[in-house]
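Here the protein sequences line up with chains A and B, keeping their order.
All residue numbers for the first sequence refer to the working numbering, where the first residue is 1 and numbers rise by one.
All residue numbers for the second sequence refer to the working numbering, where the first residue is 305 and numbers rise by one.
The structure appears right after this line, and notes come after that.
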Amino acid sequence: MKKKFIIFISFILMLMLSACGQNNSNTKTATGTEKENSEEPRIASLSIHLTNDLLALGITPVGSVIGGDLKDFLPHVKEQLKNTKKLGIVKDPDMEAILELKPSVIYLDKEFSGQDISKYEKIAPTHVFDLDEGTWRDHLLSIGKLVNQEKQAQQFIADYEKESKEVQALIKKKFGEDNKVMAIRITAKELRVFGTKRPMGPILFQDLGLKPANGIENIDKNQPFEVISQEVLPDFDADAIFVIVNRDDEAKTAFNELEKTAIWKGLKAVKENQVYLIPDQPWLDYSALGNKMAMDHAKEIFSK
Amino acid sequence: MNYLLNKDNKRAFIVTTVFIFISVIVVLLSLNTGTLKISPLKIIQTFLGQGDFESSTVLFDYRMPRILITMLAGIGLGISGAILQGLSRNHLADPGILGLHAGAAFGLIIFVTYFHSMDKNIALFIPLFTFGGGALTALLIVLLAYDRYKGLLPIRLILVGIAISAGFSAITLFFSLRLNEETYSFASRWLVGNIWGRDWINVMALLPWILILAPFTWIKSKTLNALSLGDDIASGLGVSVEKNRILLLAAAVGLSCASVAMAGGIGFIGLVAPHLARRLVGTMYQHFLPLSGLIGLIILVLSDTIGRSIFQPNAIPAGIVVAAIGTPYFLYLLAKTK
């Protein structure tokens, strides 16, 4: 009896051992072939904006974080990222998923991941980008340098500048010199006006060559927007207003309510029919690809 | 009498051993849950120091700190609830219901409002602030529930606690509205019980509180037994009622507030854990106190594991999972006590 039991146990142990051995050899071959195939770097991007800078260069990261509110990739690039692994939201990234990807390099946004650099460095070589320093052009160029695609980056920027000149001409034809504008965003709870900082400031007041409405430049330059009350809308005295309404129903209702008010109806831009509804994405995606898509959209608006 | 006590001892010993075993299984299950699949065998190998880079990083850097925090917080909340139920002589007492969590939240909001950089090392001070907030609420509750002739009135303790809790929640809400969006979203997720501590530093911030206060409470088991019989009997048994009550209340505040600081405002564990423990091994504190901590551990670790695995990719805070299970139980208890 005892003997049989010992034989049985040793049989099981043997099975386990052989199973382990097989497992090991399997994983080895798997990683081996992977390395042979991958000439492009396997990039894990911990910023939705850096992801879209990469896409602008025609590089698809193997993994990327998702938008915090959307809980998904940004809608305008979702199609291009269908083979990309979702790494959670940037404030609470899925570290295990990153580790599992075995990226060859990790791109970080200093604002969100600056404190955890050592954690990422343990997984793979890491590059940190400060998105508040310089414009997306600088970020694109430095990425271009890292992936040996400086020419493509320069070309992308040149194309963008060319398009921006075209749209500026269109705008001048439409508005003349009077083109003081403001951009607002309607959320379920509040009304925000964008300042000169990213994401809206640079594209509106530099790339599109529009002038900021009264008081826009007084908004804290370190903040992307300021919350205002409806009553002060007329004080900006804008010739045109760009409006972003959040995707949820509550925000849409809030905008409908706003449109009914006497204050809104009395605005110069509203009277002259110069209110432009623009989608939150790509306009709020401050990246090479996002701004390029927003520029395309602006061209469409002002060609009419 | 002696025979009965021995029988109880034996029963408590067996039940506690069984629950230690269950805890180990739950913890292993939790260690095994995550995006990256690691076989249980590999987990054991890794613990024996033979794991590869990948599994050891996942286990020691990502999963272990979080699970340890959940374990410690579960123990803290379970024991704190047991103390409070004894002191208030009311089986519906719980650090959340008594308003200690609201006070802790108040402390945290003060902390993030004035020192709002969430720098890693600062995590060590968070328990101090939540303890401060919790102690302030406890003090207010004791002052308001104190009767000059009859001492601390257990029933009033709970009612005053509920009122104070509402008041502190209002102040906390007021402060949190002034926070910037990022800190606000942290604070609001914290309030519903999101295990946010993910690093070893967070474990270190919580460990000493539990390591000191939990054994201290256990040593005081006999006092707790006496106190839960009523003040007159307790003083008749030679317990200095007021001094011990304050001391034990402070221990309960410390345990719950430190736990809550790292694990978020998790309610109901302090209510449910002592209840189940009492049912299993009887009402003697030396028997059910350790068990209460163990049950707290099991509930919280399980809830956190469920919250972060089933609803992927959007993890649900453990506090919500606990509340989903705890609320019906609480209502059941309410209906039954009547």
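Beta carbons: idealized from backbone N, C-alpha and C, even for Gly.
Bear in mind the structure is a predicted one, so any value in this text is a computation, not a measurement.
What is the residue span of the alpha helix (DSSP H) that Ala397 (chain B) lies within?
No alpha helix (DSSP H) contains Ala397 (chain B), which DSSP labels as neither H nor E.
Which residue's Cα is closest to the Cα of Asp296 (chain A): A:Gly215, A:Trp136, A:Pro224, A:Val167?
A:Val167
Looking at the C-beta of Ala254 (chain A), does it have a partner C-beta in chain B at a distance below 8 Å?
no
Tell me which same chain residues have a C-beta within less than 6 Å of the C-beta of Val545 (chain B), skipping the five on either side of it?
Asp535, Ala538, Ser539
Helix, strand or coil, according to DSSP, for Gly63 (chain A) in the structure here?
strand
So, Leu497 (chain B) versus Gly338 (chain B), is the Cβ gap smaller than 8 Å?
As written in the sequence, residue 497 (chain B) is Gly, which differs from the Leu given in the question. No; because the gap between Cβ atoms is not below 8 Å, this pair is not in contact.
Looking at the secondary structure, which residues open and close the alpha helix (DSSP H) in which His139 (chain A) lies?
136-146
For Glu34 (chain A), name the three-state secondary structure that DSSP assigns.
Annotation note: pLDDT 39 at Glu34 (chain A) (below 50); position unreliable, coordinate value reported separately. Here Glu34 (chain A) sits in helix by DSSP.
What residue range is occupied by the uninterrupted alpha helix (DSSP H) comprising Arg549 (chain B)?
545-567
Tyr366 (chain B) CB to nearest chain A CB: under 8 Å?
yes
By alpha-carbon positions, which one of B:Leu553, B:Val585, B:His591, B:Gly597 ends up nearest to Ile573 (chain B)?
B:Gly597
Please list, in chain order, all residues of the same chain as Leu593 (chain B) whose beta carbon is under 7 Å from its beta carbon, the five residues on each side excluded.
Ile383, Ala386, Thr521, Trp522, Ser525
Below-8 Å beta-carbon distance, Leu481 (chain B) vs any chain A residue
no
Under 8 Å: do the segment 575-583 of chain B and the segment 358-367 of chain B share three or more Cβ pairs, one atom per stretch?
no
Taking the alpha carbon of Glu100 (chain A) as the reference point, which residue from A:Phe73, A:Ile43, A:Leu141 has its own alpha carbon closest?
A:Ile43
Taking Cβ to Cβ, would you say Asp248 (chain A) is nearer than 8 Å to Ala188 (chain A)?
yes
Answer yes or no: do Ala97 (chain A) and Lys85 (chain A) have a C-beta to C-beta separation smaller than 8 Å?
yes
Is the number of C-beta pairs between the segment 214-225 of chain A and the segment 146-165 of chain A that are closer than 8 Å three or more?
no
Report all residues from its chain with a CB closer than 7 Å to the CB of Ala288 (chain A); omit the five preceding and five following residues, and keep chain order.
Asn52, Asp53, Ala56, Trp136, Leu140, Phe156
Please report how far the alpha carbon of Tyr366 (chain B) lies from the alpha carbon of Asn179 (chain A), in whole angstroms.
53 Å
At a Cβ threshold of 8 Å, is Thr374 (chain B) touching chain A?
no
Would you mind sorting Phe129 (chain A) into buried or exposed? The rule is 16 or more other CB atoms within 10 Å of its CB.
buried
Roughly how many angstroms lie between the CA atoms of Trp500 (chain B) and Ile89 (chain A), to the nearest whole one?
14 Å
By the DSSP assignment, the alpha helix (DSSP H) with Gly436 (chain B) in it spans what residues?
430-449
Rounded C-alpha distance that separates Val227 (chain A) from Gly215 (chain A)
13 Å
Identify which residue in B:Gln590, B:Gly571, B:Leu638, B:Glu358 has its Cα closest to the Cα of Val625 (chain B).
B:Gly571
Residues bridged to Tyr107 (chain A) [DSSP beta-bridge criterion]
A:Ser45, A:His127
In terms of residues, what are the limits of the beta strand (DSSP E) holding Val243 (chain A)?
240-245
Report yes if the C-beta distance between Ala397 (chain B) and Leu388 (chain B) is below 8 Å; otherwise report no.
yes
CB contact check: Ala97 (chain A) to chain B, cutoff 8 Å
yes
Glu100 (chain A) at chain B interface by Cβ criterion, 8 Å
yes
In chain order, what residues of the same chain have a beta carbon less than 6 Å from the beta carbon of Ser469 (chain B), not counting five sequence neighbours either side?
Gly403, Ala406
Give me the Cα-Cα distance between Leu74 (chain A) and Pro41 (chain A), rounded to the nearest whole angstrom.
23 Å
Relative to chain B, which residues along the segment 82-95 of chain A have a C-beta separation below 7 Å, given in chain order?
Lys86, Gly88, Asp94, Met95
Tell me, please, whether the CB atom of Lys221 (chain A) is closer than 8 Å to any CB atom in chain B?
no
Which residues in chain B have a C-beta closer than 8 Å to the C-beta of Lys122 (chain A)? List them in chain order.
Thr361, Asp365
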